[in-house]
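Chains as they are written, first to last, in my numbering: chain A, 2 to 245; chain B, 14 to 144. Everything below concerns the one structure shown next.
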Amino acid sequence: MKRLDTTVIENNKVLVIIPAYNEELSLPGVIAGIRKFAVLDVVVINDGSKDETSKAARAAGAKVIDLPFNLGIGGAVQTGYLFAFKSGYDVAVQVDADGQHNPEDLLHIIEPVLRGEADMVVGSRFVESTGYKTPLARKMGMLIFSAVVSFINGQSLKDTTSGYRAVSKRVIEFFVDNYPTDYPEVEALVLLKKNGFTIKEIPVTMAAREHGQSSITPLKSVYYMIKVLLAIFMNILRANKKEA
Amino acid sequence: MKIDIFFFAALFSLGFLIVVLEFVRTKKLKEQYSLLWLLIGAVMIILSLWRNLLNLVAHWLGIFYAPSLLFMLGILFSFALILHYSVIISKLHTQNVRMAQEIGILNKKIEDLSERVNGGEMVENNTTDTV
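And the structure:
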């Protein structure tokens, strides 16, 4: 169990961004978990929750930004990046509120960004065997995304939907004005690569959800698939236009 | 002038144009969003006053039943308008999101400041309760 090197952290302000919608049950554990491994600023973006998410996050010692109404994951995460930008953070790390992301991996995700090895580091469930099991339909979708993004970016990316990622100051600034609205994770990878940022994928272990359930229902996943593929396709068209 | 459907159509179109212009004058409708409506009104007036135009154009286009050209034009205009609104809604959506984000961050800053000023005593914050 390594803690983050405090001297590195002092020179580089790191912000942990946790977008949360009705996650009062899992949030305290997630925040405590992060605190156990590193002394980092944690901001919870309360995306118009109907439960006591805001209170739970405050009680756990996190900074809390309450959005006046629900924006969806993209808008919530972008709020975190906007806050990171305005507050002058050097690195921002996105962590899911449901406890899926193991705080032990925080160090591994942040370090390459701190060292300037990559503009974005994605914590991946599939780079090595990490003991993560997925339903077949979901696995299919993830495989398709992986194939498409890997092809477009010219770089193998396995877990394109992972929300466990760290980004550099330049990417924070970029995300302030360029962040997809819903199901943003996959699209963001294409967007970053297109704009000359470097991406690195590292293996992490993921747990099953502690509380609540995934927001993705079968019908939504069809919409997810189509929306993301369309967005990626549009990104290609835009880039080609610029080059011409 | 014969009192027939063309007469009523012309009357209606004129009234329509006047209503649109009145909305613009009283600032209920912004100029940039009134242009499509004005265009529709103008076309409707021309079609109802120039009786043969519809038949003529229909003939050119190989449409046997001239009034169906009217329906087609109406539907096309509606599509154009609705698309126009989709674009406007998208823009408003983007602005709305940014506004909510800024409000969230501003509230956080106000909270921090009032905590510093009042020594930890929070001033009542209503924004999260109103939804």
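Where a beta carbon is used, it is the ideal one built from N, C-alpha and C, also for glycine.
On the premise that residue j lies in contact with residue i, defined as a C-beta separation below 8 Å, what is that separation, rounded to the nearest angstrom?
i        : j        : result
A:Asp99  : A:Ser27  : 5 Å
B:Gly54  : B:Val70  : In fact, because the Cβ distance is near 18 Å, the residues do not count as touching under 8 Å.
A:Val149 : A:Phe84  : Their Cβ separation, rounded to whole angstroms, is 31 Å, which puts A:Val149 and A:Phe84 out of contact at 8 Å.
A:Pro185 : A:Ile74  : 7 Å
A:Ile32  : A:Leu41  : Contact flag wrong, Cβ pair sits at about 10 Å.
A:Met226 : A:Gly124 : A:Met226 to A:Gly124, Cβ: 23 Å. No contact.
Would the beta-carbon of residue i fall within 7 Å of that of residue j?
i        : j        : result
A:Asp120 : A:Gly164 : no
A:Val1   : A:Val168 : Not covered by the structure: residue 1 of chain A. The range shown for chain A is 2 to 245.
B:Ile116 : A:Pro69  : yes
B:Ser26  : B:Ser61  : yes
A:Arg126 : A:Met207 : yes
A:Phe198 : A:Val172 : yes
A:Pro104 : A:Ala61  : no
A:Thr161 : A:Leu190 : yes
A:Arg166 : A:Gln95  : yes
A:Pro20  : A:Val78  : yes
A:Leu16  : A:Ala63  : no
A:Phe38  : A:Glu174 : no
B:Phe4   : B:Arg64  : The question about residue 4 of chain B has no answer, for chain B in this structure spans 14 to 144.
B:Ile110 : A:Leu231 : Reading the sequence as shown, one finds Val at residue 110 of chain B and not Ile. It is not a contact, given that the beta carbons lie outside the stated cut-off.
B:Gln114 : A:Thr182 : no
A:Leu144 : A:Ser151 : no
In its own chain, which residues sit with a C-beta less than 7 Å from the C-beta of residue i, not counting the 5 before and 5 after it?
i        : result
B:Val144 : Residue placement at B:Val144 is flagged as unreliable, the pLDDT there being 41, under the threshold of 50; the coordinate-derived value follows with that caveat. There are no such residues.
B:Leu24  : none
A:Asp67  : Asn47, Ser55
B:Leu94  : Leu49
A:Gly89  : Lys14
B:Phe97  : Reading off the sequence, residue 97 of chain B comes out as His, not Phe. Leu49, listed in sequence order.
A:Leu192 : Asn179, Asn236
A:Gly76  : Thr182
Quick one: residues in its chain with C-beta nearer than 6 Å to the C-beta of residue i, no 5 flanking neighbours on either side, listed in chain order?
i        : result
A:Phe176 : Tyr82
A:Ser50  : Tyr22, Asn23
A:Val113 : Checking the displayed sequence, the identity of residue 113 of chain A turns out to be Pro instead of Val. So the list reads Ala119, Val122, Lys201, once near-sequence residues are dropped.
A:Lys194 : Asn154
A:His109 : Ile203
A:Lys221 : none
B:Met57  : Ser26
A:Val25  : The sequence given here places Glu at residue 25 of chain A; Val does not occur at that position. Closer than 6 Å at Cβ, skipping near neighbours: Asp52, Glu53, Thr54, Ala57.
B:Ile76  : Leu82
B:Ala22  : Ser61
A:Lys242 : Reliability fails at A:Lys242, whose pLDDT of 49 lies under 50, so the model's placement of it is uncertain and the value that follows must be treated cautiously. Result list for A:Lys242: empty, nothing under 6 Å.
A:Ala245 : Caution applies to A:Ala245, whose pLDDT of 40 falls short of 50 and renders its modelled position unreliable; the value that the coordinates give is listed next. For A:Ala245, where only same-chain residues beyond five positions count, there are no Cβ hits under 6 Å.
B:Asp17  : none
Return the bridge partner residues of residue i from the DSSP annotation.
i        : result
A:Ser169 : A:Val92
A:Ile46  : A:Pro20, A:Ile66
A:Val15  : A:Val92
A:Glu202 : A:Val123
A:Met207 : A:His102
Please return the same chain residues whose Cβ sits closer than 8 Å to the Cβ of residue i, not counting the five positions on each side in sequence.
i        : result
B:Phe36  : Leu42, Ser47
B:Asp142 : In this predicted model, B:Asp142 has a pLDDT of only 47, less than 50, meaning its place in the structure is not dependable enough to derive any value.
B:Leu67  : Leu60, Ala79, Pro80, Leu82, Leu83
B:Glu44  : Val37
A:Ser130 : Its pLDDT being 49, under 50, A:Ser130 is placed unreliably in this model, and the value from its coordinates should be taken loosely. Hits under 8 Å: none found.
B:Leu214 : This structure gives no information on residue 214 of chain B, because the portion of chain B shown stretches from 14 to 144.
A:Phe146 : Thr161, Thr162, Val187, Val229
A:Gly117 : Ser169
B:His106 : none
B:Leu74  : Leu82
Segments assigned beta strand (DSSP E), at least 3 residues, entirely inside the region 102 to 163 of chain A: 121 to 125
Sequence ranges, alpha helix (DSSP H) only - wholly within the region 15 to 99 of chain B, length at least 4: 18 to 38, 44 to 62, 64 to 73
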